[in-house]
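Chemist: This is the structure, below, for whatever I ask next.
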Amino acid sequence: MLVNKKIVLGITGGIAAYKAAELTRVLVKAGAQVRVIMTKSAMEFITPLTMQTLSQGPVYTDMFAPAGEFDMAHISLADFADAFLIAPATGNIIGKLASGIADDLLTTTLMAQNKPTLVCPAMNDKMLANPVVQDNIKKLRQYGYEVMESAVGELACKTSGAGRLPDIPVIIDALESLLTPKDYEGEEVLVTAGPTQEPLDPVRYITNLSSGKMGYALATAARHRGASVTLISGPCAMPAPPGVKIINVRTALEMHEAVMKNFTKATVIVKAAAVADYRPESVSEEKIKKSKGLAGIRLVPNPDIIAEIGAKKTRGILVGFAMETQELLANARLKLARKKMDMIVANSLREEGAGFGTDTNIVTIIDSNGKEIRLDKMTKSQVAHRILDHVKTLKKKKGPAKRK
Ligand code: CTP
997 MLVNKKIVLG ITGGIAAYKA AELTRVLVKA GAQVRVIMTK SAMEFITPLT
1047 MQTLSQGPVY TDMFAPAGEF DMAHISLADF ADAFLIAPAT GNIIGKLASG
1097 IADDLLTTTL MAQNKPTLVC PAMNDKMLAN PVVQDNIKKL RQYGYEVMES
1147 AVGELACKTS GAGRLPDIPV IIDALESLLT PKDYEGEEVL VTAGPTQEPL
1197 DPVRYITNLS SGKMGYALAT AARHRGASVT LISGPCAMPA PPGVKIINVR
1247 TALEMHEAVM KNFTKATVIV KAAAVADYRP ESVSEEKIKK SKGLAGIRLV
1297 PNPDIIAEIG AKKTRGILVG FAMETQELLA NARLKLARKK MDMIVANSLR
1347 EEGAGFGTDT NIVTIIDSNG KEIRLDKMTK SQVAHRILDH VKTLKKKKGP
1397 AKRK
């Protein structure tokens, strides 16, 4: 999402200014082109040289500097930017923006632009709680700025409370969302993700290698596009994506119950979870002792969740996944028809850069009209957007979603 995006990062003078260095590194790594404007106070906390090195571009600090990369930097930077990011934003810059003060390069540039702008406040908790600052934040939101909530925790001034700069992944997520067109507004998207765990006793279970990355990428992409998203997740190591309603489950039976409770209002259902097909017939209350011996484990089938929805649904889009080690497309086509899906995303465990745990995937999208789209290797986030693009095409053909 940030690939080739032009981001102008404004850094103001608070102790969190040092975090702008890491933020810039992450933005550049994500493919963004970053230009930095620093206020005079910001340079007391971090040097332009650091920012120049990390952003791989010039750093702007002076309204009246001789022309460099850009003539009239305040106008040119405003034209250049796809988005502005103010991190950290002090109470002072928030006050100036709210009152229309333009007395340095950053405030003048911000006055001269109308691009999406993300403001990340960071200051002492009492400063943040000050009614004037709160009023100014409200005003900025009314003027169309996206102002993030500060994080809560330990502050540099040895107190604890609200006022920390939001964590970098949370800022990146908010920026991606700001840059994403909202073509899923009004949609209710239900995503399942991750593996399930089928317990044998209090310490042992049967599971699979699913990391949940594909499902989490789908939930995030749908939310960035404006959907209201419910994510039903098996045990995964990742934090819940911001802004998504998450329901954590462990077993296939728990996932089944959660999906059955939530699927009726969904207009799009994406079943990315790797649900265990079988579970132990009984779960021992006590740890199974080696000394007692184990003759075998009797397994019973779990409900096929997507097949149950496929049998019930009337309209709306049902998307499944097929992870195969052989006969990828043939097996995927069979699953698509057997489980009455509208679309299946086939990926092979045999291809380098695809499958469990990787950050990339190589998939073929197959829909119930027989259309097949083979996608090159791309990030799971890019795959997620391509899946959602195709869901939209199918929705147009089917008309508005209606479910029993
Ligand atoms: N699925 C499900 N409930 C199950 C098993 C699978 O909802 N109990 C869904 C998965 O979320 C996925 C699709 O069905 O979207 C295909 O999953 P897969 O495991 O590939 O299919 P199976 O029917 O279990 O076939 P097999 O394991 O024999 O390949």
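997 is the number of the first residue of the sequence shown in this note's numbering; add one for each residue after it. Ideal Cβ positions, reconstructed from N, Cα and C, are used throughout, including at glycine.
1. With burial defined as no fewer than 16 other Cβ atoms inside 10 Å of the residue's Cβ, what is the status of residue 1400: buried or exposed?
2. Taking 7 Å as the cut-off, does the CB of residue 1191 come closer than this to any heavy atom belonging to ligand 1?
3. Pull every residue with its beta-carbon under 5 Å away from any heavy atom of ligand 1, and keep them in chain order.
4. I'd like the list of long-range same chain contacts for residue 1321, defined as Cβ closer than 8 Å, with 5 residues on each side in sequence excluded.
5. Does residue 1060 pass the burial test, meaning 16 or more other C-beta atoms within 10 Å, or should it be called exposed?
6. So residue 1186 packs on residue 1226, CB below 8 Å; how close in whole Å?
7. Assign residue 1309 to one of two classes, buried (16 or more other C-beta atoms within 10 Å of its C-beta) or exposed (fewer than that).
8. Mapping the DSSP letters down to three states, classify residue 1400 as helix, strand or coil.
9. What is the rounded straight-line gap between the Cα of residue 1155 and the Cα of residue 1292?
10. Starting from the Cα of residue 1253, find the closest Cα among 1239, 1263, 1271 and 1144 and give me that residue.
11. Taking residue 1188 as part of the beta strand (DSSP E), name the residues at either end of that continuous run.
12. Applying the 10 Å Cβ sphere with the 16-neighbour rule, what's the burial state of residue 1183?
13. Taking the alpha-carbon of residue 1394 as reference, which of 1374, 1129 and 1364 has the nearest alpha-carbon?
14. Given that a residue counts as buried once 16 or more other Cβ atoms are within 10 Å of its Cβ, and exposed if not, what is residue 1132?
15. Starting from residue 1138 and walking both ways along the alpha helix (DSSP H), at which residues does that stretch end?
16. If we call anything under 8 Å between Cβ atoms a contact, is residue 973 one with residue 1369?
17. Let me check one thing: in DSSP terms, what residues is residue 1146 bridge-paired to?
18. Measure the alpha-carbon distance for residue 1284 versus residue 1194 and round it to whole angstroms.
19. Please confirm whether residue 1151 and residue 1159 have their CB atoms less than 8 Å apart.
Modeler: Reading from the atomic positions:
1. In the sequence shown, counting from the first residue as 1, residue 1400 sits at position 404. Confidence in residue 1400 is poor, its pLDDT being 42 and thus under 50, which makes the residue's placement too unreliable to answer from.
2. Taking the first residue of the sequence shown as 1, we reach residue 1191 at position 195. Every heavy atom of ligand 1 is 7 Å or more from the Cβ of residue 1191, so no.
3. Any residue whose Cβ sits closer than 5 Å to a heavy atom of ligand 1 makes the list: 1267, 1269, 1271, 1273, 1298, 1300, 1301, 1302, 1316, 1317 and 1318.
4. As a first step, residue 1321 is located in the sequence shown; it is residue number 325 there, counting from the start. Answer for residue 1321: 1344, 1345 and 1346, listed in chain order.
5. Start at 1 with the first residue of the sequence shown, and residue 1060 comes out as number 64. Around the beta-carbon of residue 1060, fewer than 16 other beta-carbon atoms lie within 10 Å, marking it exposed.
6. Walking along the sequence shown from the start, residue 1186 turns up at place 190. Walking along the sequence shown from the start, residue 1226 turns up at place 230. Right, the Cβ-Cβ distance comes to about 5 Å (below 8 Å), so this counts as a contact.
7. Start at 1 with the first residue of the sequence shown, and residue 1309 comes out as number 313. So residue 1309 counts as buried.
8. Walking along the sequence shown from the start, residue 1400 turns up at place 404. Since pLDDT at residue 1400 reaches only 42, below the 50 mark, its modelled position is unreliable, and no value is offered.
9. Taking the sequence shown and counting its residues from 1, the one referred to as residue 1155 is at position 159. Taking the sequence shown and counting its residues from 1, the one referred to as residue 1292 is at position 296. Roughly 57 Å between the two C-alpha positions.
10. Indexing the sequence shown from 1 puts residue 1253 at position 257. Closest option to residue 1253, Cα to Cα, is 1271.
11. Against the sequence shown, residue 1188 aligns to sequence position 192. Start and end: 1184-1189.
12. Residue mapping note: residue 1183 aligns to position 187 of the sequence shown, counting from 1. Under this definition residue 1183 is a buried residue.
13. Within the sequence shown, numbered from 1, the residue matching residue 1394 stands at position 398. Looking at the Cα atoms, 1364 is the closest of the given residues.
14. Stepping through the sequence shown from its first residue, residue 1132 is reached at position 136. Burial check for residue 1132: the Cβ neighbour count within 10 Å reaches 16 or more, so the residue is buried.
15. Looking up residue 1138 in the sequence shown gives position 142. Per DSSP, residue 1138 belongs to the alpha helix (DSSP H) from 1127-1138.
16. A question about residue 973 goes unanswered here, because the residues of the chain that appear run from 997 up to 1400.
17. Within the sequence shown, residue 1146 is the residue found at index 150, counting from 1. In DSSP, residue 1146 forms no bridge with anything.
18. The residue given as residue 1284 occupies position 288 in the sequence shown. The residue given as residue 1194 occupies position 198 in the sequence shown. Cα-Cα distance, rounded: 15 Å.
19. Position 155 of the sequence shown holds residue 1151. Position 163 of the sequence shown holds residue 1159. Yes. Within cutoff.
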